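Chemist:
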Ligand code: ASP
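Written as structure tokens, this is what we have:
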């Protein structure tokens, strides 16, 4: 692939995003947070942003859309359910059509891993990956990082390769199908964090240890939790299970984050979940709504991070 042809404002994967660039996105996020609404609304005035969604979404789609609107941009949503995609139009043709209509940036969610690269290459536009298959969800990793740094009272603008040194984060659940897990393991260890992946064999094959340096895999949630300051719970992605059968009763007994387990193993741990949650399965309602939970902060940080990604993508100058 000719990477040189990719627009520098794109964010396709977190894997090769240098840490100074992560710090600069977090700094831009902080500056935008301080910018009065009327000023903010001028930053992308008259710019056209297309949201191209081939999979359902609540948080990611809404936050990108609201972020774009708060920056003054015009947005249009194209979803696979109500467009020519249903008639068989290819990603390439849809992308070129959106460009011909004046779109200056495309936000893409797609079930095929790598599709944002295809779109970025064919259109030459800045493309923001809003989740591609089981591969990547880079804006989620950035918003998770912002949530963690805020809770730890660490300055996000000076983030560096030792910022999270001494911190252990356990990610539990359907790791196999999770682009959120993949993006986080490609970012957090680069900031010094220790990451433990936890789940049953079918949802967490041993080979996952190769995703990043220093990753640990365990089937023992209680033990992992007892060593963690942060726990990130993941949904079982029924839409990607492809015939895989799970004993849900056993899963809940071993891997659910509930109040007794949290109180016994990590009463002070910060609880994260990218959503959507299935209450009563991977997480209990009590924990989701409890004092350890930063789940709604993640959502709010999503809006902030995505505002910065749009400003970066379109090269606008924010003071
Ligand atoms: N919302 C996240 C994603 O799109 C996680 C999930 O769907 O469970 O990857």
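Numbering (our numbering), first residue to last: 67 to 385. No residue lacks a Cβ here, since even glycine has one placed at the ideal position from N, Cα and C. Treat the numbers as computed from the prediction; the structure is a model and nothing was measured.
Under 7 Å: does the beta carbon of residue 245 sit that close to some heavy atom of ligand 1?
Modeler: Within the cutoff, so yes.
Chemist: Cutting at 7 Å between CB atoms, please list the residues of its own chain near residue 230, excluding the five before and the five after it.
Modeler: Result list for residue 230: 254, 257, 258 and 259, in chain order.
Chemist: Use the C-beta contact count for residue 69: other C-beta atoms within 10 angstroms, 16 or more gives buried, fewer gives exposed.
Modeler: Model confidence at residue 69 stands at a pLDDT of 49, short of 50, so the residue's coordinates are unreliable; what they give is reported in the following sentence. Flag for residue 69 reads exposed.
Chemist: Exposed or buried, which one is residue 344 when buried takes at least 16 other CB atoms within 10 Å?
Modeler: That one is exposed.
Chemist: For residue 198, does the three-state DSSP call read helix, strand or coil?
Modeler: Looking at residue 198 - three-state DSSP - the assignment turns out to be strand.
Chemist: Buried or exposed: which applies to residue 106, given that a residue is buried once 16 or more other Cβ atoms fall within 10 Å of its Cβ?
Modeler: Buried is the call here.
Chemist: Identify the continuous alpha helix (DSSP H) that holds residue 372 and give its terminal residues.
Modeler: Looking at the DSSP string, the run of the alpha helix (DSSP H) that includes residue 372 is 361 to 379.
Chemist: I need the DSSP call for residue 105, collapsed to helix, strand or coil.
Modeler: Helix, per DSSP.
Chemist: From the DSSP output, read off the bridge partner residues of residue 236.
Modeler: 262 and 297.
Chemist: Using only CA atoms, which one of 194, 125, 293 and 262 lies nearest to residue 80?
Modeler: When only C-alpha atoms are compared, the closest one is 194.
Chemist: Taking only heavy atoms of ligand 1 into account, decide whether any of them is closer than 7 Å to the Cβ of residue 177.
Modeler: False, no ligand heavy atom lies under 7 Å from that Cβ.
Chemist: Just to check, is the beta-carbon of residue 301 closer than 7 Å to a non-hydrogen atom of ligand 1?
Modeler: Yes.
Chemist: Starting from residue 337, follow its DSSP beta bridges and name the residues at the other end.
Modeler: Partner(s): 297 and 359.
Chemist: So, residue 298 versus residue 243, is the Cβ gap smaller than 8 Å?
Modeler: Result no, Cβ atoms of residue 298 and residue 243 do not sit closer than 8 Å.
Chemist: Quick one: measure Cβ to Cβ for residue 95 and residue 360, integer angstroms, because I've assumed they're closer than 8 Å.
Modeler: Not a contact, Cβ separation roughly 16 Å.
Chemist: From residue 115 to residue 170, what does the alpha carbon distance come to, in whole angstroms?
Modeler: Whole-angstrom Cα-Cα distance: 6 Å.
Chemist: At the level of alpha carbons, what is the spacing between residue 121 and residue 112?
Modeler: Whole-angstrom Cα-Cα distance: 27 Å.
Chemist: So for residue 225, helix, strand or coil by DSSP?
Modeler: Residue 225: coil per DSSP, three-state reduction.
Chemist: Between the alpha carbons of residue 332 and residue 201, how many angstroms are there, rounded?
Modeler: Roughly 30 Å between the two C-alpha positions.
Chemist: My guess is that residue 249 and residue 192 are in contact by the Cβ rule of under 8 Å, so how many angstroms apart are they, rounded?
Modeler: About 19 Å separates the two Cβ atoms, so there is no contact after all.
Chemist: Could you pull the start and end residues of the alpha helix (DSSP H) that residue 181 belongs to?
Modeler: Note, residue 181: alpha helix (DSSP H), 181 to 189.
Chemist: Please name the residue in 176, 302 and 323 whose C-alpha comes closest to that of residue 313.
Modeler: The residue with the shortest Cα to Cα distance from residue 313 is 302.
Chemist: Sort out for me which residues DSSP pairs residue 142 with in a bridge.
Modeler: Beta-bridge pairing links residue 142 to 116.
Chemist: Given that a residue counts as buried once 16 or more other Cβ atoms are within 10 Å of its Cβ, and exposed if not, what is residue 224?
Modeler: By the 10 Å Cβ count, residue 224 comes out exposed.
Chemist: Nearest CA to the CA of residue 356: which residue from 325, 89, 145 and 239?
Modeler: If we check each option's Cα against that of residue 356, 325 comes out closest.
Chemist: First and last residue of the beta strand (DSSP E) that includes residue 174?
Modeler: Element bounds for residue 174: 171 to 176.
Chemist: Return yes when at least one heavy atom of ligand 1 lies under 7 Å from the C-beta of residue 341, else no.
Modeler: Correct: residue 341 has its Cβ closer than 7 Å to ligand 1.
Chemist: Does the separation of the CB atoms of residue 368 and residue 129 fall below 8 Å?
Modeler: Closer than 8 Å, so yes.
Chemist: Report yes or no: do the segment 375 to 385 and the segment 167 to 184 share at least 3 C-beta pairs separated by less than 8 Å?
Modeler: The segment 375 to 385, when compared against the segment 167 to 184, does touch it at the 8 Å Cβ threshold.
Chemist: May I ask whether a heavy atom of ligand 1 can be found less than 7 Å away from the beta carbon of residue 73?
Modeler: No, Cβ of residue 73 sits at least 7 Å from all heavy atoms of ligand 1.
Chemist: When DSSP labels each residue in this structure, what does residue 345 get in the three-state scheme?
Modeler: Note: residue 345 maps to strand in three-state DSSP.
Chemist: Go through its chain and collect everything with a Cβ distance to residue 347's Cβ below 6 Å, but skip five positions before and after it.
Modeler: Answer for residue 347: no residue qualifies.
Chemist: Could you have a look at residue 78 and say whether DSSP puts it in helix, strand or coil?
Modeler: Reduced to three states, the DSSP call for residue 78 is coil.
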